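Heads up, the sequence shown is in numbering that gives the first Met the number 0, so the first residue is 0 and it goes up one at a time. The next block holds one structure in the form of structure tokens; read it before the comments.
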Amino acid sequence: MTNQANELQAINTAWQIAIQEILRMVVRDLYKSGDEASFNAHIKRIEEAAVDSIYTGLMLRGTDEWTEVLVKEKASNFVTTLLTSFTYDKA
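This is the structure we're talking about:
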């Protein structure tokens with residue numbers, strides 16, 4: 000990989016980690032008052048709504064259909080990966 004490609008990969012990875020940690024804190028704080036089943040139901044609802052929003056609301060200007068489909072698929076996969084990484088922690 001070139002230095003530019005390595006830098007881009009590092010930026011993407013850092014962005015993902017930062018967003019994941021922020022969301023982990025927000026989700027934990029919002030739903031720590033309920034039980035594990037309630038927490039898991041909230042996470043599933045958020046995941047489904049986010050993926051639906053990506054597929055119905057995301058429109059990329061200046062891109063071809065293939066790129067838009069690829070971006071939507073990757074964004075949806077990121078949502079699912081991120082949200083399924085959250086675990087119930089009563090602490």
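By construction, the Cβ of each residue, glycine as well, lies at the ideal position given by its N, Cα and C atoms. In this text, all values refer to a predicted model and were calculated from it rather than measured experimentally.
For residue i, the nearest candidate out of the options (CA to CA)
i   : options               : result
Y93 : F38, T80, L29 and L69 : The question about residue 93 has no answer here: the residues shown for the chain are numbered 0 through 90.
S75 : V50, T86 and D63      : V50
S52 : K71, R27, T66 and L29 : K71
Span separating the alpha-carbon of residue i from that of residue j
i   : j   : result
V78 : E46 : 6 Å
T83 : I42 : 8 Å
Q8  : A17 : 14 Å
L22 : R44 : 15 Å
E20 : T86 : 13 Å
E6  : Q15 : 14 Å
D63 : T80 : 26 Å
Opening and closing residue of the alpha helix (DSSP H) in which residue i lies
i   : result
G56 : E35 to G56
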